[in-house]
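One structure is given here, and the rest of the page talks about it.
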Amino acid sequence: MPDYSEIEGWEACAGYKMDKENFAYILYMCGGCAEWYNYIINHTTGAVYKENAFGRKQLRDAVVYSNEDADYIMIGGEDYEMREGEICLSELVCSELEWDD
Numbered sequence: 655m656p657d658y659s660e661i662e663g664w665e666a667c668a669g670y671k672m673d674k675e676n677f678a679y680i681l682y683m684c685g686g687c688a689e690w691y692n693y694i695i696n697h698t699t700g701a702v703y704k705e706n707a708f709g710r711k712q713l714r715d716a717v718v719y720s721n722e723d724a725d726y727i728m729i730g731g732e733d734y735e736m737r738e739g740e741i742c743l744s745e746l747v748c749s750e751l752e753w754d755d
């Protein structure tokens with residue numbers, strides 16, 4: 655398995671939350687400081703947003719990928735070629751996760 659901390663474009667992910675009320679999958683990237691930010695995947699539209707202290711901005715044509723342990727993510731495009739063990743979180747959030755209780 656590659657060392658994702660050494661690969662350009664991959665970012666450490668501190669955790670995640672399924673926000674079932676808003677149909678959003680939140681990836682906590684950097685917190686506890688003025689530079690905090692999260693990535694948000696909308697379950698119904700597949701849209702990816704970056705949220706920080708200044709608000710929320712949609713990242714056009716963005717797709718979220720994760721390593722096997724889900725502790726590193728990458729924002730890429732649909733043309734990214736995944737390595738063995740990598741997951742397309744955008745696809746997973748939009749199609750496979752259980753949103754109904």
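Quick note: the sequence shown uses the numbering used here, first residue 655, plus one each step.
Built from N, CA and C at the ideal position, the CB exists for glycine as well.
1) In three-state terms, what does DSSP make of Tyr658?
2) Rounded to whole angstroms, what's the CA-CA distance from Asn692 to Asn706? Just pull it up for me.
3) Could you work out which residue in Asp673, Met728 and Asp657 is closest to Gly663 when comparing CA atoms only?
4) Does the Cβ of Ile695 have 16 or more other Cβ atoms within 10 Å, making it buried, or fewer, making it exposed?
5) Report all residues from its chain with a CB closer than 6 Å to the CB of Lys711; omit the five preceding and five following residues, and keep chain order.
6) Which residues in the same chain have their Cβ closer than 6 Å to the Cβ of Leu743, if we skip the five residues on either side of it in sequence?
7) Any idea if Ala678 is buried or exposed, counting beta-carbon neighbours within 10 angstroms, 16 or more meaning buried?
The relevant details are as follows:
1) helix
2) 7 Å
3) Met728
4) buried
5) Lys704
6) Val718 and Ser720
7) buried
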